[in-house]
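Engineer: Provided herewith is a single structure, encoded as structure tokens, for subsequent inquiry.
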Amino acid sequence: MTIKMRVRKCPTDDLALTNCAILSSNALNGLDIKHLLVKTGPAHHFVFSVRNHPSLKTDEIAFALSQRKWAKLSLDQEVEVQQFNFNNNQFIGSITFAADFQSKKNQTCEPLNTDHMAREFSIQFSGHAFTRGELLVFKFDDDKGKSHTLALTVTSILGIDLSLATNPQAVSHMKPIEIDAGQLLPNSVIIFDKAEDSVLNLIGKSKGKSSYRSIINPDWDFQKMGIGGLDKEFSGIFRRAFASRVFPPEFIEQLGMKHVRGILLYGPPGTGKTLMARQIGKMLNAREPKIINGPQILDK
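Sequential numbering of the sequence shown, starting at 1, is according to UniProt numbering.
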């Protein structure tokens with residue numbers, strides 16, 4: 001049965017954190033519905049888990065801002081709604097999220113344990129419906145009791161067929177497949193990746209392998225440094241300041257290594273300090289730093 005409803009704002013902040021579509025308990029003939037299929041156009045449909053709230057009318061459906069952004073819903077828009085049930089092959093074996101802080105003012109460089117995050121996420125959202133590309137909000141307390149709110153994007157869902165679980169021979173050959181939408185199980189594998197340009201510091205075994213970009217420009221020719229007579233000095237700087245950054249972040253974390261945070265060049269004028277800094281900036285696979293003289297800082 002398909003009915004038409006009007007889009008409304010989520011009635012409370014707590015309900016917004018559930019990442020559910022909110023209905024009146026009397027909507028859809030008062031049926032106890034777990035998941036909904038919301039159609040916004042001929043080729044646009046989205047799956048949501050459902051919660052109830054008494055402030056809504058029977059022809060109203062409420063969404064949080066992140067959900068409206070993902071499904072491109074506007075307030076008072078009319079949508080078609082119907083009950084949705086997952087097939088046996090639409091249960092989530094593993095799901096991967098791209099994570100970032102929801103608000104820039106609450107950003108921190110403190111490490112967040114992804115194993116703890118995965119446990120909290122599983123407790124909050126077991127049985128929840130997720131769709132690839134979905135935007136959602138995840139609020140949790142870390143190991144120290146500090147609260148964090150993250151913006152998550154579903155990047156990958158691998159599904160498993162539960163109908164094969166009772167067949168031991170089938171289970172041994174069962175392979176997860178990519179699916180567009182699925183239902184989270186209590187033992188689903190949850191993986192958190194750092195979103196592009198995010199300052200999140202993720203640690204733990206539930207962290208995906210970050211895309212690694214070498215800090216050294218691959219097109220750089222070390223024979224063209226143009227630092228005459230300073231080969232030995234530059235070699236020392238490179239070894240002490242940049243050698244650890246050549247390795248992938250996962251390798252550095254396993255070894256418990258710490259990167260050098262900076263290096264100080266000092267000496268009388270004309271000894272090549274500025275030239276070395278400028279050449280190092282060109283060598284790195286990053287935005288070239290701005291080089292200024294010390295007295296210029298005092299002039300400002």
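Where a beta carbon is used, it is the ideal one built from N, C-alpha and C, also for glycine.
Work out the CA separation of THR153 and ALA43 for me, nearest whole Å.
Structural biologist: The residue labelled residue 43 in the question sits at position 43 within the sequence shown. The residue labelled residue 153 in the question sits at position 153 within the sequence shown. Near 21 angstroms, if we compare the C-alpha coordinates of THR153 and ALA43.
Engineer: Enumerated in chain order, which unbroken segments of the beta strand (DSSP E) with a length of 3 residues or greater are wholly contained in the region 115 to 168?
Structural biologist: 129 to 131, 135 to 141, 147 to 160
Engineer: Let me know the secondary structure DSSP gives residue 301 once reduced to three states.
Structural biologist: Beyond the ends of the chain as shown, which are 1 and 300, falls residue 301; an answer cannot be given.
Engineer: Could you give the residue range of the alpha helix (DSSP H) that holds ASP13?
Structural biologist: Taking the sequence shown and counting its residues from 1, one reaches residue 13 at position 13. Here the alpha helix (DSSP H) through ASP13 covers 13 to 16.
Engineer: On the three-state DSSP scale, how would you describe TRP6?
Structural biologist: Position 6 of the sequence shown, counted from the first residue, corresponds to residue 6. The amino acid at residue 6 is misidentified as Trp; the sequence shows Arg. Correct three-state label for ARG6: strand.
Engineer: Under 7 angstroms Cβ to Cβ from LYS9, same chain only, skipping five residues before and after it: list those, please.
Structural biologist: For the purposes of this step, residue 9 is taken as residue 9 along the sequence shown, with counting starting at 1. The answer, listed in chain order, is ALA62, LEU75.
Engineer: Residues bridged to THR96 by DSSP?
Structural biologist: Position 96 of the sequence shown holds residue 96. Looking at the DSSP assignment, THR96 forms a beta bridge with SER156, ILE191.
Engineer: What did DSSP end up calling PHE63 once you bin it into helix, strand or coil?
Structural biologist: In the sequence shown, counting from the first residue as 1, residue 63 sits at position 63. Residue state, collapsed to three classes: strand.
Engineer: Mind checking which residues open and close the beta strand (DSSP E) that includes ILE203?
Structural biologist: Here residue 203 refers to the residue found at position 203 of the sequence shown. Unbroken beta strand (DSSP E) run through ILE203: 201 to 203.
Engineer: With a threshold of 8 angstroms between beta-carbons, can ASP115 be considered close to chain D, or not?
Structural biologist: You won't find chain D in this structure, because it holds only one protein chain.
Engineer: Within 8 angstroms, do at least three Cβ pairs link the region 99 to 109 to the region 180 to 190?
Structural biologist: Using a Cβ-Cβ distance cut-off of 8 angstroms, the region 180 to 190 and the region 99 to 109 are not in contact, since fewer than three pairs of beta carbons, one from each stretch, lie closer than that value.
Engineer: If we count the other Cβ atoms within 10 Å of its Cβ and call it buried at 16 or more, is LEU23 buried or exposed?
Structural biologist: For the purposes of this step, residue 23 is taken as the residue at position 23 of the sequence shown. Under this definition LEU23 is a buried residue.
Engineer: ALA241 by DSSP, collapsed to three states: which one?
Structural biologist: As a position in the sequence shown, residue 241 is number 241, starting the count at 1. Correct three-state label for ALA241: helix.
Engineer: Are there three or more Cβ pairs, one per stretch, closer than 8 angstroms when the region 114 to 126 is compared with the region 74 to 91?
Structural biologist: No contact exists between the region 114 to 126 and the region 74 to 91.
Engineer: Nearest by alpha-carbon distance to LYS69: which of ASN87, ASP59, LEU135 is it?
Structural biologist: Mapped onto the sequence shown, residue 69 falls at position 69. The shortest C-alpha separation from LYS69 is found at LEU135.
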